[in-house]
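Worksheet: the structure to be examined is printed underneath.
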Amino acid sequence: MPAPGLELGRASGESVGAAYFATNNPNGNFIVASDIGSDGKVTLRRAYDAGGIGVHGIQNPPVADSLFSQGSTKTSPVGDMVALVNAGSNTIALFKINPDDPTDLRMIGEPVCSGGEFPVSLVFNKAGDMLCVANGGAVDGINCFTVDQKEGLKPKDDLVRPMGLNQTTPATGPFGTAGMISFTEDESQLVVAVKGAPPDMPGFLAFWDMKDGCPSTEYKRLDPVKGAIAPFSATVMPGKNAIMSADPGIGYTIWDLADLNDGGSGTASRSSANVVEGQIETCWSNYSPSTGNYILVDANMSFISEVSVDENLKGTVITHIQRPDYPRIIDFDIGTINNHDYVYVLGPNATVFDVLSLDGPGITPIQRIQLWEPAQRAGLMIDNNHMQGMALYFKK
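Numbering (this note's numbering), first residue to last: 115 to 510.
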């Protein structure tokens, strides 16, 4: 079994939850756990060996966002669990969260084979008894596991479903690679965003119908409206029967899932490809429950954008800030504390972890945590090209 956690810092006051990300280091992958206080700010606490290694996708030159995806670390609030990929080992690790001290983690069972190569994104179902993965390497596709609270992840029989992306291991990207995996809001389908390879190959969303916890053998392909290029994320839009994808080729795409009934033509009037002015690499998206808006992150320009979407799925950028002191921000998650939302975002290039307040509308930075020195003191290996993922957990 992996060694006990490394101590990164002392507790500071009562925590209301925790934030988790992965080092994804090729010499050993660790999950880093930080306390979240009632003011939304974080305190580094512990790091745990995930029982595998990280890896960077093939890219020239290599930069932060090593997995070309979103959702490589995921939590289940119902099951008190956090899972992460060991992308260089082709495995997934599952940890039990102590609900009284959410930075206290215990691995459940051993890391299990992802069923493919270069696993990049995970999703729990709402009940917390199933976990699915998107593999983006030469052996690609999705796979689903039963979650056993005592024994860990158990592969379901014959549930590996290929995507046929003709990739390498690790994947060569970011274009032409698998992105984020999600369930639709009613969990009737599993969806993966697949980034296109401009100018001739636009991306698409792949949908598998779910029946009795099993995905269909083949996927349905939903092609984008004109202008969309490389859907990176797959953020469920609550109550709208739609999905938002950050798209580094344009800004963001809104997918009306009614289009699936049109044979995947992507021509329904409510679907749209939307420009974020000045953007270069908008790759991550998430929903803010308290504001009802959506947040987008552009790694290259250090843009953080807030998007409002009306009942007709028309999106409007209402806040757009650039933080030159936030070099190459990537994975993020949004947490709600006392009916107020906060953004927790990873900045690998500067080895930092930032917290921002969502003011509805408006975005205000409130904290920056330096990661390098605490990691060095604890003997934790991190670097500015590999760190990945961000997932939150809150006490009940």
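Backbone N, C-alpha and C define an ideal beta-carbon position, used for all residues, glycine too.
Of the residues the options, the one placed nearest residue i, counting alpha carbons only
i	options	result
Pro225	Gly202, Ala164, Gly278 and Phe232	Ala164
Asp447	Ala489, Phe417, Met504 and Ala492	Met504
Gln312	Ala241, Val306, Thr465 and Gly363	In the sequence as presented, Gln is not what sits at residue 312; that position holds Pro. If we check each option's Cα against that of Pro312, Gly363 comes out closest.
Thr137	Glu487, Leu506, Asn174 and Asp497	Asp497
Trp398	Asp254, Ala360 and Lys270	Ala360
Ala342	Ile211, Met324 and Ser385	Ser385
Pro475	Leu460, Gly461, Val466 and Asp455	Asp455
Gly131	Thr478, Leu472, Ile451 and Ile477	Ile451
Val431	Gly119, Ser419, Glu425 and Gln393	Ser419
Asp445	Gln436, Glu425, Gly429 and Val466	Val466
Phe238	Gln484, Pro288 and Asp262	Asp262
Thr298	Pro403, Ala348 and Gly119	Ala348
Val305	Pro352, Gly290, Thr260 and Gly255	Gly255
Val339	Asn400, Leu472, Val389 and Thr157	Val389
Asp473	Ala307, Val421 and Val169	Val421
Ser190	Ser129, Gly242 and Pro213	Gly242
Met244	Ser404, Ile483, Glu231 and Val192	Val192
Ile480	Ser471, Thr187 and Trp486	Ser471
Glu301	Pro403, Gly327 and Ile483	Gly327
Pro288	Ala307, Arg275, Val156 and Met277	Ala307
Asp314	Met277, Gly406, Gly290 and Lys268	Gly290
Gln303	Met501, Cys258 and Gly202	Cys258
Ser146	Asp271, Tyr134 and Ala292	Position check: residue 146 holds Val in this sequence, whereas Ser was assumed. Cα-wise, what sits closest to Val146 is Tyr134.
Terminal residues of the beta strand (DSSP E) in which residue i lies
i	result
Gln481	Ile477 to Gln484
Tyr333	Looking at the DSSP string, Tyr333 is not in any beta strand (DSSP E), and its letter there is neither H nor E.
Asn414	Where Asn414 is concerned, there is no enclosing beta strand (DSSP E), given that its DSSP letter is neither H nor E.
Lys264	Counting along the chain, Lys264 falls outside any beta strand (DSSP E), and DSSP gives it neither H nor E.
Met294	Ala292 to Phe297
Ala387	Ser386 to Val389
Met172	The identity of residue 172 in the sequence shown is Ile, whereas the question assumes Met. Looking at the DSSP string, Ile172 is not in any beta strand (DSSP E), and its letter there is neither H nor E.
Lys325	Phe318 to Lys325
Ile145	Phe144 to Gly151
Phe232	Run containing Phe232: none; DSSP gives neither H nor E here.
Gln303	Gln303 to Val308
Gln502	Gln502 to Phe508
Lys188	Thr187 to Ser190
Ala372	Element bounds for Ala372: n/a, residue is neither H nor E.
Pro216	Asp215 to Met221
Assumed close pair residue i, residue j - CB separation to whole angstroms, cut-off 8 angstroms
i	j	result
Val469	Gly154	6 angstroms
Ile172	Pro140	Wrong, their Cβ atoms sit about 13 angstroms apart, outside the cutoff.
Tyr366	Leu410	6 angstroms
Arg159	Ala197	Contact flag wrong, Cβ pair sits at about 19 angstroms.
Ser183	Met358	With 8 angstroms as the limit, Ser183 and Met358 do not qualify as a contact, their Cβ atoms being about 16 angstroms apart.
Ala320	Tyr333	4 angstroms
Asp323	Ser330	4 angstroms
Ser180	Asn499	6 angstroms
Arg335	Phe318	5 angstroms
Phe144	Leu494	6 angstroms
Beta-carbon contacts of residue i that lie in its chain and below 6 angstroms, excluding the five residues immediately before and after
i	result
Phe209	Val196, Leu219 and Met221
Gly266	Leu208, Ile222 and Gly223
Pro512	Here the chain comprises residues numbered 115 to 510, so residue 512 is not present and cannot be evaluated.
Gly127	Gly151
Met115	Reliability fails at Met115, whose pLDDT of 43 lies under 50, so the model's placement of it is uncertain and the value that follows must be treated cautiously. Nothing meets the Cβ criterion.
Thr396	Ala360, Pro362, Gly365, Val390, Leu410 and Asp412
Sequence-distant residues of the same chain with beta carbon closer than 7 angstroms to residue i, five excluded per side
i	result
Arg442	Val177, Ala178, Ala413, Gly461, Pro462 and Asn463
Ala356	Ile368, Trp369, Asp370, Leu371 and Leu427
Beta-carbon proximity list for residue i, same chain, < 8 angstroms, skipping 5 on both sides
i	result
Thr205	Gly165, Gly166, Val199, Pro225, Val226, Cys227, Ser228 and Pro233
Trp492	Checking the sequence shown, residue 492 turns out to be Ala, not Trp. So the qualifying residues of the chain are Leu120, Glu121, Leu122 and Ala161.
Ile394	Pro362, Asp412, Asn414 and Met415
Minimum Cβ-Cβ distance from residue i to chain D less than 9 angstroms
i	result
Glu299	Chain labels in this structure do not include chain D; a single protein chain is all it has.
(request) Please determine if the region 232-251 and the region 278-297 are in contact, where contact requires at least 3 C-beta pairs separated by less than 8 angstroms. (result) Touching, yes.
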